[in-house]
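Enquirer: Let me begin by handing over the structure; questions about it come next.
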Amino acid sequence: MRLNVVESGQGDRVALLLHGMFGSAESWWRVTPLLEQRGFRVLALDLPGHGLSPRRADLTIPQAAEAVVETVRSVAPRAPVFAIGHSYGGLVLGAAARALGPELAVHVDAPFSIAGGQDRYMLIEEYEKNRRSRTPEHLSLRDHYSRTDVAVEARAAERFDAATSASISCGPGGEWLPEAGAIVVRADPSGWVSDADARRFESLGVDVRSIPGAAHSIWYSHFDEFVAAVPEMFGEV
(Lines of atoms letter the chains of each structure in order from A and count residues from 1; the text may use other names and numbers.)
(Lines give C-alpha, C1' and ligand atoms only; values in the text may rest on other atoms or scores of the structure.)
Protein backbone atom coordinates (compact mmCIF):
# COMPACT_ATOMS: atom_id res chain seq x y z
CA MET A 1 0.00 0.00 0.00
CA ARG A 2 1.49 3.34 -1.07
CA LEU A 3 0.46 6.24 1.12
CA ASN A 4 -0.11 9.86 0.22
CA VAL A 5 2.99 11.98 0.88
CA VAL A 6 3.20 15.74 1.33
CA GLU A 7 6.83 16.51 0.56
CA SER A 8 8.71 19.73 1.10
CA GLY A 9 12.21 20.99 1.72
CA GLN A 10 15.58 19.78 0.52
CA GLY A 11 18.39 17.99 2.24
CA ASP A 12 20.28 14.75 2.63
CA ARG A 13 18.24 13.79 5.70
CA VAL A 14 14.56 12.89 5.73
CA ALA A 15 12.17 14.03 8.46
CA LEU A 16 9.28 11.56 8.48
CA LEU A 17 6.07 12.81 10.15
CA LEU A 18 3.23 10.46 11.16
CA HIS A 19 0.05 12.05 12.50
CA GLY A 20 -2.37 10.75 15.11
CA MET A 21 -5.87 9.28 14.80
CA PHE A 22 -8.30 11.61 12.98
CA GLY A 23 -5.38 13.77 11.80
CA SER A 24 -3.55 14.06 8.49
CA ALA A 25 -0.25 15.14 6.99
CA GLU A 26 -1.50 18.70 7.37
CA SER A 27 -1.49 18.35 11.16
CA TRP A 28 2.23 19.16 11.01
CA TRP A 29 1.75 22.47 9.19
CA ARG A 30 3.60 24.47 11.84
CA VAL A 31 6.36 21.91 12.41
CA THR A 32 7.25 21.37 8.75
CA PRO A 33 8.77 24.83 7.98
CA LEU A 34 11.10 24.60 10.95
CA LEU A 35 12.39 21.20 9.83
CA GLU A 36 12.93 22.59 6.33
CA GLN A 37 15.00 25.40 7.85
CA ARG A 38 17.07 22.78 9.67
CA GLY A 39 18.01 21.17 6.36
CA PHE A 40 15.55 18.28 6.25
CA ARG A 41 13.64 16.92 3.32
CA VAL A 42 10.23 16.54 4.98
CA LEU A 43 7.86 13.67 4.23
CA ALA A 44 4.51 14.06 5.99
CA LEU A 45 2.36 10.99 5.37
CA ASP A 46 -1.37 10.41 5.48
CA LEU A 47 -1.76 7.10 7.32
CA PRO A 48 -4.21 4.51 5.91
CA GLY A 49 -7.80 5.68 6.12
CA HIS A 50 -6.70 9.28 6.65
CA GLY A 51 -6.30 12.22 4.30
CA LEU A 52 -5.76 11.11 0.72
CA SER A 53 -4.30 7.69 1.50
CA PRO A 54 -6.03 4.39 0.63
CA ARG A 55 -8.70 2.82 2.81
CA ARG A 56 -8.52 -0.77 4.00
CA ALA A 57 -11.32 -2.27 6.09
CA ASP A 58 -9.13 -5.12 7.40
CA LEU A 59 -6.12 -2.98 8.37
CA THR A 60 -3.72 -4.13 11.09
CA ILE A 61 -0.90 -2.22 12.78
CA PRO A 62 1.79 -4.32 11.02
CA GLN A 63 0.13 -3.57 7.67
CA ALA A 64 0.06 0.15 8.44
CA ALA A 65 3.74 -0.03 9.41
CA GLU A 66 4.59 -1.91 6.23
CA ALA A 67 2.82 0.77 4.19
CA VAL A 68 4.89 3.48 5.89
CA VAL A 69 8.16 1.67 5.19
CA GLU A 70 7.21 0.92 1.58
CA THR A 71 6.22 4.53 0.96
CA VAL A 72 9.33 6.06 2.52
CA ARG A 73 11.72 3.72 0.76
CA SER A 74 10.03 4.32 -2.59
CA VAL A 75 10.39 8.09 -2.21
CA ALA A 76 13.75 8.25 -0.40
CA PRO A 77 15.42 4.83 -0.76
CA ARG A 78 18.81 5.67 0.73
CA ALA A 79 18.31 8.76 2.87
CA PRO A 80 18.76 8.60 6.66
CA VAL A 81 15.38 8.94 8.34
CA PHE A 82 14.53 10.95 11.46
CA ALA A 83 10.95 10.09 12.37
CA ILE A 84 8.28 11.69 14.56
CA GLY A 85 5.04 9.86 15.26
CA HIS A 86 2.18 11.27 17.31
CA SER A 87 -0.27 9.05 19.22
CA TYR A 88 -1.51 6.44 16.70
CA GLY A 89 1.35 7.51 14.42
CA GLY A 90 3.77 6.85 17.28
CA LEU A 91 2.36 3.35 17.66
CA VAL A 92 2.78 2.72 13.92
CA LEU A 93 6.32 4.08 14.14
CA GLY A 94 7.07 1.57 16.89
CA ALA A 95 5.88 -1.24 14.64
CA ALA A 96 7.82 0.11 11.64
CA ALA A 97 11.09 0.95 13.40
CA ARG A 98 12.88 -2.35 12.90
CA ALA A 99 12.30 -2.40 9.13
CA LEU A 100 12.65 1.37 8.71
CA GLY A 101 15.86 1.64 10.73
CA PRO A 102 15.53 5.36 11.57
CA GLU A 103 18.48 7.35 12.81
CA LEU A 104 16.10 8.70 15.44
CA ALA A 105 12.53 7.79 16.40
CA VAL A 106 10.48 10.31 18.39
CA HIS A 107 7.17 9.08 19.78
CA VAL A 108 4.86 11.89 20.90
CA ASP A 109 2.35 10.99 23.65
CA ALA A 110 1.81 7.61 22.00
CA PRO A 111 0.27 4.35 23.15
CA PHE A 112 2.42 1.32 22.39
CA SER A 113 -0.21 -1.39 22.53
CA ILE A 114 -3.78 -2.12 21.54
CA ALA A 115 -6.00 -4.62 23.33
CA GLY A 116 -7.79 -5.90 20.24
CA GLY A 117 -11.02 -7.87 20.24
CA GLN A 118 -13.30 -4.85 19.83
CA ASP A 119 -16.73 -5.09 18.25
CA ARG A 120 -16.21 -3.82 14.73
CA TYR A 121 -19.63 -2.29 14.13
CA MET A 122 -19.86 -0.58 17.50
CA LEU A 123 -16.37 0.87 17.11
CA ILE A 124 -17.08 2.10 13.58
CA GLU A 125 -20.22 3.81 14.88
CA GLU A 126 -18.21 5.41 17.70
CA TYR A 127 -15.49 6.62 15.34
CA GLU A 128 -18.03 7.95 12.88
CA LYS A 129 -19.79 9.87 15.65
CA ASN A 130 -16.44 11.34 16.71
CA ARG A 131 -15.65 12.24 13.11
CA ARG A 132 -18.95 14.09 12.65
CA SER A 133 -18.38 16.03 15.87
CA ARG A 134 -15.05 17.43 14.68
CA THR A 135 -16.58 20.46 12.99
CA PRO A 136 -14.90 23.88 12.89
CA GLU A 137 -17.40 25.11 15.49
CA HIS A 138 -16.64 22.24 17.86
CA LEU A 139 -12.87 22.26 17.34
CA SER A 140 -12.71 26.02 17.93
CA LEU A 141 -13.72 25.35 21.53
CA ARG A 142 -10.24 23.95 22.14
CA ASP A 143 -8.41 26.95 23.54
CA HIS A 144 -5.01 25.79 22.32
CA TYR A 145 -6.13 25.47 18.66
CA SER A 146 -5.35 28.33 16.31
CA ARG A 147 -7.64 29.10 13.38
CA THR A 148 -5.34 27.12 11.12
CA ASP A 149 -5.35 24.17 13.52
CA VAL A 150 -9.14 24.19 13.46
CA ALA A 151 -9.31 24.29 9.68
CA VAL A 152 -6.69 21.56 9.26
CA GLU A 153 -8.27 19.18 11.76
CA ALA A 154 -11.80 19.76 10.46
CA ARG A 155 -10.61 18.95 6.94
CA ALA A 156 -8.85 15.82 8.23
CA ALA A 157 -12.09 14.70 9.89
CA GLU A 158 -13.98 15.05 6.62
CA ARG A 159 -11.52 12.63 5.00
CA PHE A 160 -11.30 10.16 7.88
CA ASP A 161 -12.49 6.61 7.20
CA ALA A 162 -13.92 5.03 10.34
CA ALA A 163 -13.86 1.44 9.06
CA THR A 164 -10.12 1.52 8.32
CA SER A 165 -9.13 2.90 11.70
CA ALA A 166 -11.57 0.75 13.68
CA SER A 167 -10.12 -2.37 12.09
CA ILE A 168 -6.82 -2.13 13.96
CA SER A 169 -8.61 -2.67 17.28
CA CYS A 170 -10.72 -5.60 16.12
CA GLY A 171 -7.97 -8.19 15.67
CA PRO A 172 -5.75 -9.89 18.24
CA GLY A 173 -4.05 -6.69 19.43
CA GLY A 174 -0.37 -6.41 20.24
CA GLU A 175 2.47 -4.34 21.68
CA TRP A 176 5.12 -2.42 19.76
CA LEU A 177 7.49 -0.78 22.21
CA PRO A 178 9.92 2.04 21.42
CA GLU A 179 13.42 0.78 20.77
CA ALA A 180 16.51 1.68 22.77
CA GLY A 181 17.77 5.09 21.70
CA ALA A 182 14.28 6.35 20.87
CA ILE A 183 12.73 9.43 22.46
CA VAL A 184 9.28 9.59 24.02
CA VAL A 185 7.87 13.09 24.46
CA ARG A 186 4.79 13.02 26.66
CA ALA A 187 2.34 15.48 28.11
CA ASP A 188 2.50 15.63 31.90
CA PRO A 189 0.07 14.40 33.02
CA SER A 190 -0.60 12.10 30.08
CA GLY A 191 -3.53 9.86 29.35
CA TRP A 192 -1.31 7.68 27.17
CA VAL A 193 2.13 7.48 28.79
CA SER A 194 1.85 7.02 32.55
CA ASP A 195 4.66 7.48 35.07
CA ALA A 196 4.93 3.69 35.25
CA ASP A 197 5.20 3.54 31.45
CA ALA A 198 7.91 6.19 31.54
CA ARG A 199 9.95 4.19 34.06
CA ARG A 200 9.52 1.05 32.00
CA PHE A 201 10.65 2.75 28.81
CA GLU A 202 13.65 4.30 30.51
CA SER A 203 14.68 0.83 31.71
CA LEU A 204 14.70 -0.19 28.04
CA GLY A 205 17.08 2.62 27.07
CA VAL A 206 14.41 5.06 25.89
CA ASP A 207 14.74 8.77 26.74
CA VAL A 208 11.44 10.04 28.16
CA ARG A 209 10.91 13.81 28.12
CA SER A 210 7.85 15.38 29.76
CA ILE A 211 6.12 18.69 29.05
CA PRO A 212 3.98 19.82 32.00
CA GLY A 213 0.49 21.03 31.15
CA ALA A 214 0.66 20.11 27.48
CA ALA A 215 -2.32 18.84 25.52
CA HIS A 216 -2.24 15.45 23.81
CA SER A 217 -1.23 17.18 20.56
CA ILE A 218 1.73 18.74 22.31
CA TRP A 219 2.96 20.99 19.50
CA TYR A 220 -0.49 22.58 19.21
CA SER A 221 -0.61 23.68 22.84
CA HIS A 222 3.11 24.00 23.69
CA PHE A 223 4.95 24.53 20.42
CA ASP A 224 8.09 26.15 21.80
CA GLU A 225 8.42 23.55 24.55
CA PHE A 226 7.91 20.74 22.06
CA VAL A 227 10.62 22.09 19.78
CA ALA A 228 13.00 22.57 22.72
CA ALA A 229 12.36 18.99 23.84
CA VAL A 230 13.83 17.55 20.63
CA PRO A 231 17.01 19.51 19.84
CA GLU A 232 18.24 16.49 17.89
CA MET A 233 15.87 17.57 15.13
CA PHE A 234 14.93 21.19 15.84
CA GLY A 235 18.22 22.55 17.14
CA GLU A 236 20.28 25.00 15.13
CA VAL A 237 22.25 23.44 12.30
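In my numbering, the protein residues as written are 1288 to 1524. We put the CB at the ideal spot given by N, CA and C, even for glycine. Small disclaimer: the values here were computed from a predicted structure and weren't measured.
Is it buried or exposed, E1519, if we count other Cβ atoms within 10 angstroms and call 16 or more buried?
Expert: Exposed, by the Cβ-count rule.
Enquirer: On the DSSP bridge list, what partners appear for H1394?
Expert: Its beta-bridge partners are G1372, V1471.
Enquirer: Kindly indicate which three-state DSSP category D1494 falls into: helix, strand or coil?
Expert: Three-state result, D1494: strand.
Enquirer: Note down, one range per segment and in chain order, each alpha helix (DSSP H) of at least 4 residues found wholly within the region 1424-1454.
Expert: Correct list: 1434-1446, 1449-1454.
Enquirer: What is the DSSP secondary structure of R1328, reduced to helix, strand or coil?
Expert: In the structure shown, R1328 sits in a strand (DSSP, three-state: E or B).
Enquirer: Where R1419 and P1341 are concerned, what is the direct C-alpha to C-alpha distance, given to the nearest angstrom?
Expert: Computed Cα separation, rounded: 20 Å.
Enquirer: Once you ignore the five residues that flank L1304 on each side, which residues in its own chain have a CB closer than 6 Å to its CB?
Expert: Only W1315, A1331, I1371 meet the Cβ criterion.
Enquirer: Give me the Cα-Cα distance between F1521 and A1344, rounded to the nearest whole angstrom.
Expert: Roughly 37 Å between the two C-alpha positions.
Enquirer: Are there three or more Cβ pairs, one per stretch, closer than 8 Å when the region 1461-1477 is compared with the region 1423-1431?
Expert: The answer is no - the region 1423-1431 does not touch the region 1461-1477, with fewer than three Cβ pairs under 8 Å.
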